[in-house]
Amino acid sequence: MTFAELGLIEPLLRALDGLDYQKPTPVQAQAIPAVLKGRDLLAAAQTGTGKTAGFALPLLQKLLQEGPQVAANSIRALVLVPTRELAEQVHESFRVYGQHVPLRTAVAYGGVSINPQMMKLRKGVDVLVATPGRLLDLYRQNALKFTQLQVLVLDEADRMLDLGFARELDEVFAALPKRRQTLLFSATFSEAIRKMAGGLLRDPLSIEVAPRNTAAKTVKQQLITVDKKRKAELFLHLLQSRGWRQALVFAKTRKGVDELVGRLQAEGLAADSIHGDKPQPSRLRALQRFKDGEVNFLVATDVAARGLDIEEMPLVVNFDLPIVAEDYVHRIGRTGRAGASGQALSLVCADEVQQLAAIETLIGQLLTRSEEDGFEAEHRVPQTTLGGQLVKKPKKPKQPKVPEGKPGKVHLGNLLDDKPQVKAVRKAPGFAKAPAGKKPSAPKGKGR
Ligand code: AMP
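Numbering (the UniProt record's numbering) for the sequence shown: 1 to 448.
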């Protein structure tokens, strides 16, 4: 199957040629012909599957072929996304795929001045990529009319609901023309998403490219148990002993991100951060420096997880496990993208056992555990099982502590083997219970 066989026109094929996309990914092979025919779409596709081109290419083609010319302050296609980073990334994709096509595109999100976005909209744009809050601001200030709108795309719809955009979305839907094509992309399908899809889509084509909620197959997942207070020390030890050159690192809170970045910088390492407290220009700058290789370690909260598109990112480290289990899938989706293989390593402490159990239940597999010599956890992480029960382990005698600054040898054997991970039938998701009298404390914030 080639892109030409999917019915794409020459200017788009030329752009794909320039990008060296040799053949469509599965989501593209299914989505492109359907969108060209005008069908609604309900697609279960996680980041890394090539979903952006799956909707952007046919959309550009339709807008080019079908007219009409866009009027002042009007848009013909609206792509709603959850985060600023994703807005930038999706808009960039439209720009690149549409480089030989005379269509106007724009991007709008909050946290930056609204005026340049208003100016851009004055002449009208064919495709607007926007986050829901800023889109409504523009609409309420009459900078935007929806009368010419032909296509609505909801990208990462589950994430938009997770981030609390349900009300804004309802308001946007109410303002759009009823006759339109709607494409809904989501990595996961909760009841709320299904309900939203039911209200929005007409006879949609359902596409599912990866089994629901499964982590990308090309990602090798590893887990090291460690005490919370020694995570940073272990991170530095692994970084040195394994010769990490570049990694995307996720921490739970903004404070945690800043602390780790401070620690890495104190060691003379090129590290930077992305989190919700940072103004947008400095978030974009940090991302660009990471992409350019000027920064080797980018530490982020989950707000950044969905929006980052870093090709062939070799390593994602979960310094902390995410609070929302689905975020684990999104985080590790940063590596092993579009067929490249990658590694996702999680540092897990006893407090995180409930999150671990929820993640394992979601992805339908138990993660292989290991310990690093000299970093054995004093507070053991209870054994988890699929379906959410914890198994009490007999207590092991304590290992003697290795003096600071003299870490022990790395246990590579456990981490490098390709043993199949324990598989079991997925049961209803449920959080694991902590053993009596040792309840892990509830996570405090999301750090967005
Ligand atoms: P997405 O899932 O849309 O975020 O895309 C993931 C990555 O795959 C991006 O870096 C795209 O540039 C890349 N990509 C998308 N489609 C293809 C393709 N057909 N061949 C090679 N790379 C692709």
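For each residue, glycine too, the CB sits at the ideal point set by N, CA and C.
Asked, Found
"Local conformation of residue 458 per DSSP, three classes", "One cannot answer for residue 458 here, as it falls past the ends of the chain, which runs 1 to 448."
"Neighbour-count burial assignment, LEU8, 16 or more Cβ in a 10 Å radius", "buried"
"Proximity test, GLY50 beta-carbon vs the ligand AMP heavy atom, cut-off 7 angstroms", "yes"
"CA nearest to the CA of PHE297, picked from VAL353, GLY164, ARG285 and ALA270", "ALA270"
"Alpha helix (DSSP H) segment containing SER282, residue limits", "280-291"
"Same chain, Cβ closer than 7 angstroms to ASP17, neighbours up to 5 away in sequence not counted", "none"
"Continuous alpha helix (DSSP H) assignments of at least 4 residues falling wholly in the stretch 305-387", "325-332 and 353-363"
"Contiguous beta strand (DSSP E) assignments of at least 3 residues, all confined to the stretch 77-154", "105-108, 125-130 and 151-154"
"Cβ separation of ASP126 and THR105, assumed to be a contact under 8 angstroms, to the nearest whole Å", "6 angstroms"
"Own chain partners of PHE290 with C-beta closer than 6 angstroms, once the 5 adjacent residues on each side are dropped", "LEU298"
"Cβ neighbours of residue 453 in the same chain (closer than 7 angstroms, five flanking residues each side left out)", "Since the first and last residues shown for the chain are 1 and 448, residue 453 lies out of range."
"Pick from ARG122, PHE375 and VAL129 that is closest to GLU233, judged by C-alpha positions", "PHE375"
"Outcome for ASN318 when other beta-carbon atoms lying within 10 angstroms are tallied against a minimum of 16", "buried"
"3-residue-minimum beta strand (DSSP E) runs that sit fully inside the stretch 32-59, ordered along the chain", "41-44"
"Three-state secondary structure assigned by DSSP to LYS62", "helix"
"Rounded C-alpha distance that separates ARG14 from LEU154", "27 angstroms"
"CA nearest to the CA of LEU138, picked from VAL35, ASP277, THR2 and VAL107", "VAL107"
"LEU367 beta carbon less than 8 angstroms from that of GLU326", "no"
"Exposure of MET1, with buried meaning 16 or more beta-carbon neighbours within 10 Å", "exposed"
"Straight-line Cα distance separating ALA350 from GLN383", "10 angstroms"
"Separation of VAL219 from ARG84, as counted between CA atoms", "26 angstroms"
"Minimum length 3: unbroken beta strand (DSSP E) runs contained in the UniProt domain \"DEAD-box RNA helicase Q\" (1-29)", "none"
"Any non-hydrogen atom of the ligand AMP within 7 angstroms of GLN30 CB", "no"
"Three-state secondary structure (DSSP) of ALA174", "helix"
"Buried or exposed (CB count within 10 angstroms, at least 16 for buried), GLU352", "buried"
"Whether LEU86 touches PRO58 by CB criterion (8 angstroms)", "no"
"Among VAL329, ILE224 and LEU236, nearest to SER370 - alpha-carbon criterion", "ILE224"
"Residue ranges of each alpha helix (DSSP H) within the stretch 199-279, 4 or longer", "231-241 and 254-266"
"Of the listed residues TYR21, THR188, ASP227 and ILE193, nearest to HIS379 (C-alpha basis)", "ASP227"
"Rounded straight-line distance, which links the Cα of ALA187 to that of TYR21", "23 angstroms"
"Proximity below 8 angstroms, CB of LEU184 to CB of LEU78", "no"
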